[in-house]
Ligand SMILES: NC(=O)c1ccc[n+]([C@@H]2O[C@H](COP(=O)([O-])OP(=O)(O)OC[C@H]3O[C@@H](n4cnc5c(N)ncnc54)[C@H](O)[C@@H]3O)[C@@H](O)[C@H]2O)c1
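Numbering (this note's numbering), first residue to last: 1000 to 1441.
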């Protein structure tokens, strides 16, 4: 085994010029994200929850005075001062009006940002009510085919880039969760997909049309919702062809964040888990959309996958074979964006004696999601400049249902995900990877 694993071969283009961040879906998460960045740039708030802004990575040995620079000192990431924001929505509201409607951020804070927020207005959306049954909007593009809609989005992207004098772009889906769709024939190859776009195949949802438009143009794309979007072979292949980094699915924010922090700990101590019951109440528009069974199914599948991979019941049948996992989301308007997530975990210890753990997380959905949008945008842009394309597994850290390359198992354990993220940053920055082997390597 070589003592040092130094990578000097990777070259990264500088983060020069302006980065445009495009958001299909400009509701609670998107407005909280944009207003947050503006507030940080104005010096009236801190980007708490964002690793790209506040995180540090250890470089070199674990000496008594370890070298732990900020991530921005390890890799060349885009400066927050040089961003432009844009996007699409089915409602015409500008970002000030949409943020007031979302009712996440304090009105006094929003009023301080009113001028720049009001200037950002959504472009007309590619939308079809069949995929989000609880919403209807009028600010929607009309075309005969899905291919024509994809081309209209590409024209929007090009125009946004020119109008805002951006050097580079990224796109992060912050739109509503679409109905559950399973991967089918039309998703298998790019030829089948493009034919499907021309023939209006119902298996092609609007989020896939945005993903296609972005990837086709080489614009990095992340999917913050649980619907498939770019998680289909056709778009994964296209991403490789156009050298575009992609990541998905579903921002890992409240309950699932807690799950992927706690479950690895229980597993590490060989404690058995007999059941994990999770329920939520939330009252924002996202909660309303998820109140429809077809849309909830998409979220449910995304949330359920997490524990299976962490507990590996096939390898540890005595501990996890028949554990019961249930997830519910209840739409309860009085709570707005301030979700409450309860977990009841039935565990057993030595000689099978039962115990219980209860979690009551009074969280704020969009406050947890906004820094994830920022980090995904910043890191996808870094990937692109570092010549990395296709699925960016190192960004699984941010995602509830991470996309993994074909034949590879996704990683859910947050500590493994963090390790991968940090090592990828060391790799891009040209530093030794840390693998905790022996004194010299720790
Ligand atoms: N907030 C969280 O903690 C969290 C966590 C994980 C995932 N998510 C996902 O992020 C997404 C956004 O959440 P939110 O709370 O901002 O919801 P939201 O309802 O406030 O905003 C979504 C916006 O998307 C718009 N929209 C729907 N379909 C569209 C389309 N085809 N094109 C353009 N706009 C479209 C809606 O009009 C709405 O304004 C949801 O899918 C949600 O499930 C959120």
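Idealized CB from N, CA, C, for every residue including glycine.
Please tell me whether, using a cut-off of 6 Å, the distance from the CB of residue i to the nearest non-hydrogen atom of ligand 1 is below it.
| i | result |
| --- | --- |
| residue 1314 | no |
| residue 1047 | no |
| residue 1104 | no |
| residue 1159 | no |
| residue 1327 | no |
| residue 1024 | yes |
| residue 1378 | no |
| residue 1131 | yes |
| residue 1390 | no |
| residue 1293 | no |
| residue 1061 | no |
| residue 1135 | no |
| residue 1174 | yes |
| residue 1205 | yes |
| residue 1224 | yes |
| residue 1027 | yes |
| residue 1252 | yes |
| residue 1213 | no |
Given that a residue counts as buried once 16 or more other Cβ atoms are within 10 Å of its Cβ, and exposed if not, what is residue i?
| i | result |
| --- | --- |
| residue 1434 | exposed |
| residue 1391 | buried |
| residue 1349 | exposed |
| residue 1051 | buried |
| residue 1364 | buried |
| residue 1001 | Residue placement at residue 1001 cannot be trusted, given a pLDDT of 39 that sits under 50; what the coordinates show is reported in the next sentence. So residue 1001 ends up on the exposed side. |
| residue 1243 | buried |
| residue 1154 | exposed |
| residue 1428 | buried |
| residue 1425 | buried |
| residue 1031 | buried |
| residue 1129 | exposed |
| residue 1370 | buried |
| residue 1168 | buried |
| residue 1161 | exposed |
| residue 1354 | exposed |
| residue 1332 | exposed |
| residue 1277 | buried |
What are the start and end residues of the alpha helix (DSSP H) that includes residue i?
| i | result |
| --- | --- |
| residue 1197 | 1189-1197 |
| residue 1205 | 1205-1215 |
| residue 1382 | 1364-1384 |
| residue 1124 | Careful: residue 1124 lies outside any alpha helix (DSSP H) and carries neither H nor E. |
| residue 1281 | Careful: residue 1281 lies outside any alpha helix (DSSP H), inside the beta strand (DSSP E) at 1271-1281. |
| residue 1097 | 1094-1101 |
Does DSSP put residue i in a helix, in a strand, or in coil?
| i | result |
| --- | --- |
| residue 1287 | helix |
| residue 1255 | helix |
| residue 1325 | strand |
| residue 1059 | coil |
| residue 1144 | coil |
| residue 1132 | coil |
| residue 1293 | helix |
| residue 1310 | helix |
| residue 1331 | coil |
| residue 1005 | Reliability fails at residue 1005, whose pLDDT of 43 lies under 50, so the model's placement of it is uncertain and the value that follows must be treated cautiously. Correct three-state label for residue 1005: coil. |
| residue 1183 | coil |
| residue 1012 | coil |
| residue 1231 | coil |
| residue 1428 | helix |
| residue 1000 | With a pLDDT of only 34 at residue 1000, under 50, the local geometry of the prediction cannot be trusted, and the value read off the model is given with reservation. Three-state result, residue 1000: coil. |
| residue 1250 | strand |
| residue 1073 | helix |
| residue 1303 | helix |
| residue 1082 | strand |
| residue 1066 | strand |
| residue 1155 | helix |
| residue 1104 | coil |
Considering just the uninterrupted stretch of the beta strand (DSSP E) at residue i, what are its terminal residues?
| i | result |
| --- | --- |
| residue 1343 | 1339-1347 |
| residue 1247 | 1244-1247 |
| residue 1355 | 1353-1361 |
| residue 1170 | 1165-1172 |
| residue 1017 | 1017-1023 |
| residue 1037 | Premise fails: residue 1037 lies in the alpha helix (DSSP H), 1027-1040, not in any beta strand (DSSP E). |
| residue 1221 | 1220-1222 |
Assuming residue i and residue j form a contact by the criterion Cβ under 8 Å, report the distance between their Cβ atoms to the nearest whole angstrom.
| i | j | result |
| --- | --- | --- |
| residue 1491 | residue 1173 | Lying outside 1000 to 1441, the shown extent of the chain, residue 1491 is not represented and no answer is given. |
| residue 1101 | residue 1380 | At roughly 26 Å, the Cβ-Cβ gap does not stay under 8 Å, so residue 1101 and residue 1380 are not in contact. |
| residue 1075 | residue 1011 | 6 Å |
| residue 1094 | residue 1025 | 7 Å |
| residue 1411 | residue 1297 | About 18 Å; that fails the 8 Å criterion. |
| residue 1186 | residue 1238 | Going by Cβ atoms, the distance from residue 1186 to residue 1238 rounds to 14 Å, so no, they are not a contact pair. |
| residue 1299 | residue 1330 | Contact doesn't hold; Cβ gap of about 14 Å is too wide. |
| residue 1257 | residue 1358 | 6 Å |
Any Cβ of chain D within less than 7 Å of the Cβ of residue i?
| i | result |
| --- | --- |
| residue 1303 | Here chain D cannot be found, since the structure has a single protein chain. |
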